[in-house]
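Residue numbers (our numbering), protein chains in the order written: chain A, 1259 to 1515; chain B, 7 to 198. Each remark here refers to the structure printed beneath this line.
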Amino acid sequence: MICVEARQHWELYLDSEGSPELHLRVRRHLGSCPACASWFSRQQWLEREINQALGAGDPTSDIWERVLARSGIRGRGIRRRPLLIGAACAAAAIAVVVLVIAFQGQGEAHAELTRDAADWHTQWQAGRFRPELMSRSHQEIEDFLKTRCALPWRCPPAQAGGFQGLGAGVRLIGGREAPYIVGLLGDAAVSIVVLDKADTAERHDGAAYRQGDYRVVVGVVGDKLVVITGMNSVASLQRLLDQVRKLAIAPDDFPRI
Amino acid sequence: LSSSGDKAEAFLALLLPLQRQLAVYCRRMLRDPSIVEDVLQTAIAEAFARFDRYADGTNFRAWIFRFVTLEIFNQNRRREPVASSDVADVPAPLEIVSQLAAESLLAEPGAVMEQFEEHVAEALLRLTASERATLLLRALGDLSYHEIQQILAIPVGSVMGYLSRARHKMRQLLAEHAPPCGVSPPANELKS
Chain A
1259 MICVEARQHW ELYLDSEGSP ELHLRVRRHL GSCPACASWF SRQQWLEREI NQALGAGDPT
1319 SDIWERVLAR SGIRGRGIRR RPLLIGAACA AAAIAVVVLV IAFQGQGEAH AELTRDAADW
1379 HTQWQAGRFR PELMSRSHQE IEDFLKTRCA LPWRCPPAQA GGFQGLGAGV RLIGGREAPY
1439 IVGLLGDAAV SIVVLDKADT AERHDGAAYR QGDYRVVVGV VGDKLVVITG MNSVASLQRL
1499 LDQVRKLAIA PDDFPRI
Chain B
7 LSSSGDKAEA FLALLLPLQR QLAVYCRRML RDPSIVEDVL QTAIAEAFAR FDRYADGTNF
67 RAWIFRFVTL EIFNQNRRRE PVASSDVADV PAPLEIVSQL AAESLLAEPG AVMEQFEEHV
127 AEALLRLTAS ERATLLLRAL GDLSYHEIQQ ILAIPVGSVM GYLSRARHKM RQLLAEHAPP
187 CGVSPPANEL KS
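Right, here's the structure in full:
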């Protein structure tokens, strides 16, 4: 492949469209042509800037509250609320008992952690912030984690657990940076936040919690604590956690920095 | 779904992660941004009414974007019947667009970063409806070419054409802001 041909296909390459063979040929060319590699990199950067500018604007949560209320969709849920109060109270009571037993007096930090995870996840879903990187490309997410956060982890692949990445970023928790990936598991939004492992974390490896409408799964991966939040079943979140465990250990072809 | 409450909950669970993208898409696409709420309400109510036909586990993102897109086109058509009917518009010949200007932007993109959002918004308004729709569905909706094809009901080749033209025009229009900032054209660096 020559430069002109490679550049003709830059959009297909950027959008992860076209045949695998085409991607392979473009990738090979980029590996051998610094000028095109630089050109592609600038195109990609500019495209990301344009996309971010297109997506900029005020939060839309107020609009949606009114839209859903006026179209009667929120109202249907609200009408059911009295019927659910008893069940919700019972569920909350059971959850409290389970949490007390599980944490054995040391669960307060984890309760706060899962509550924070659920609150933060809600804010993302309501559009109150945008991840630093918005991309469905798992390669870009991996590159972001590697370069921005020095975290040489692979993004869970779509074909393995049905995970589709949507973006990545960095949260500040207690003054420390916590990388995260957001995406869809099936059609439900999930977030994966990576924290430094707390001393007590081993005790709760693989534990699952419910926070409001969400399930939160916590797992220890190397020297990190991974918190996965979503509306999916606990089983599917734990499968995703298993994928993260496997992919967090970088294979030989994924250079550590 | 066993009850209307279950249906609403299932619908909201799928809609929640897409709310921001849908609202911004709507705002960017409409000729009259003051009707964003009305358009969303009509589109979402219509989608919810037909939610029984949605097959669980299939592509909700493309499904819901289609409802919103159709309502946007309806509203735009009502406001400017002649100008907004360009879903099948005749593509502008790219040859007349200055390649040099777009390439110069790429050589020094930082030159237009000041007020970048304003320039992008302004450039977007100068695209045709089809170019704008394909660009926004890709950029905001994170939709694949095939999904955009389904939403706009046009061949995938047209999706690629509109998207390519939209990107090229955006760069060219953004480059118009570059010369006063001192952008120079890049050196010829192609291998043959």
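Don't be surprised by glycine CBs; every beta carbon is placed ideally from N, CA and C.
request  = Please work out which residues of its chain come closer than 7 Å, Cβ to Cβ, to B:TYR151, disregarding the five sequence neighbours upstream and downstream, and give them in chain order.
outcome  = VAL162, VAL165 and MET166
request  = Tell me where the alpha helix (DSSP H) around A:PRO1292 begins and ends.
outcome  = The continuous alpha helix (DSSP H) containing A:PRO1292 extends over residues 1292-1312.
query = Exposed or buried, A:GLY1464, counting other C-beta atoms within 10 Å across all chains shown (16 or more means buried)?
reply = exposed
request  = Write down every uninterrupted run of the alpha helix (DSSP H) in the stretch 36-76 of chain B whose length is 4 residues or greater and which is fully enclosed by it, in chain order.
outcome  = 42-55
task = Starting from B:TYR60, find everything on chain A with Cβ-Cβ shorter than 7 Å and list it in chain order.
result = Under the 7 Å cutoff, chain A gives no residues; its nearest Cβ is about 10 Å from B:TYR60.
ask   = For B:ASP148 and chain A, any beta-carbon pair shorter than 9 Å?
value = yes
query = Touching or not, the stretch 11-30 of chain B and the stretch 1427-1438 of chain A, by the rule of three or more beta carbon pairs under 8 Å?
reply = With a cut-off of 8 Å, the stretch 1427-1438 of chain A and the stretch 11-30 of chain B do not count as touching, because too few Cβ pairs lie within range.
request  = Run down chain B in chain order and give the residues with a C-beta less than 8 Å from the C-beta of A:VAL1325.
outcome  = Taking the beta carbon of A:VAL1325 as reference, the chain B residues within 8 Å of it are GLU43, LEU46, GLN47 and ILE50, listed in sequence order.
ask   = With DSSP run on the structure shown, which of helix, strand or coil describes B:GLN121?
value = coil
ask   = What residues match up with A:SER1421 in a beta bridge as DSSP calls it?
value = First, the residue type needs correcting, since residue 1421 of chain A is Phe and not Ser in the sequence shown. A:LEU1443.
query = Excluding sequence positions up to five away, which residues of its chain have a Cβ less than 7 Å from the Cβ of B:VAL42?
reply = ALA29, CYS32, ARG33 and LEU36
request  = Could you name the residues that DSSP lists as bridge partners for A:ASP1454?
outcome  = A:LYS1482
message = Distance check for A:ALA1264 and A:ARG1563, CA to CA, integer angstroms please.
response = No answer is possible for residue 1563 of chain A: it lies beyond the span of chain A, which begins at 1259 and ends at 1515.
request  = Kindly indicate if chain B contains any beta-carbon less than 9 Å away from that of A:THR1487.
outcome  = no
ask   = Roughly how many angstroms separate the alpha carbons of B:LYS175 and A:GLU1269, rounded to a whole number?
value = Going from the Cα of B:LYS175 to the Cα of A:GLU1269 covers about 14 Å.
ask   = Leaving out five residues before and five after A:VAL1479 in sequence, what residues of the same chain have Cβ atoms less than 7 Å from its Cβ?
value = VAL1502, ARG1503 and ALA1506
query = Is DSSP giving B:GLN11 helix, strand or coil here?
reply = Gln is not the amino acid found at residue 11 of chain B; the sequence shown has Gly there. Three-state DSSP puts B:GLY11 in a helix.
key: Simplified DSSP assignment, three categories, for B:SER136   = helix
task = Could you name each continuous alpha helix (DSSP H) segment of 4 residues or more that falls completely within the stretch 1365-1401 of chain A, going from the start of the chain to the end?
result = Look at the stretch 1365-1401 of chain A and you find these whole runs of alpha helix (DSSP H), each 4 residues long or longer: 1366-1383.
query = Is the CB of B:LEU169 under 9 Å away from at least one CB in chain A?
reply = A Cβ of chain A is located within less than 9 Å of the beta carbon of B:LEU169.
ask   = Could one say the Cβ of B:GLY163 lies closer than 9 Å to chain A's Cβ atoms, at least one of them?
value = With a threshold of 9 Å between beta carbons, B:GLY163 makes no contact with chain A.
ask   = Counting only beta-carbon atoms, is B:ALA14 nearer than 9 Å to chain A?
value = Yes, B:ALA14 counts as interfacial toward chain A.
ask   = Alpha carbon to alpha carbon, what distance is there between A:SER1299 and A:SER1290?
value = A:SER1290 and A:SER1299 have their C-alpha atoms roughly 14 Å apart.
At least 3 beta-carbon pairs within less than 8 Å: the stretch 1401-1408 of chain A vs the stretch 1376-1384 of chain A = Contact between the stretch 1401-1408 of chain A and the stretch 1376-1384 of chain A is absent, because fewer than three Cβ pairs lie under 8 Å.
query = Of all Cβ atoms in chain B, is any one closer than 9 Å to the Cβ of A:LEU1442?
reply = yes
query = Could you give the C-beta distance for B:ALA51 and A:SER1329, rounded to a whole number, given that I count them as a contact under 8 Å?
reply = 4 Å
Chain-ordered chain E contacts of B:MET176 [CB-CB under 8 Å] = Looking at the structure shown, chain E is missing, and the protein chains on hand are A and B.
inquiry  = I'd like the span of the beta strand (DSSP E) that includes A:ARG1468, first residue to last.
reply    = 1466-1469
message = Can you pull out the residues from the stretch 1421-1442 of chain A whose beta carbon lies closer than 8 Å to at least one beta carbon of chain B?
response = LEU1424 and LEU1442
ask   = Closest by CA to B:ARG26, which one among A:ALA1426, A:HIS1287, A:GLY1313 and A:GLU1307?
value = A:GLY1313
request  = Verify whether the separation of the beta carbon atoms of B:GLU140 and B:ALA181 is less than 9 Å.
outcome  = It is worth fixing the name first, because residue 140 of chain B is Thr in this sequence and not Glu. The answer is no: Cβ separation not under 9 Å.
ask   = Closer than 9 Å, CB to CB, is A:GLU1279 near chain B or not?
value = Chain B contact via Cβ: absent.
inquiry  = Can you tell me where the alpha helix (DSSP H) holding A:ASP1463 begins and where it ends?
reply    = Taken as a continuous stretch (DSSP letters only), A:ASP1463 belongs to no alpha helix (DSSP H), as it is neither H nor E.
ask   = For A:LEU1495 versus A:LEU1453, is the C-beta spacing smaller than 9 Å?
value = no
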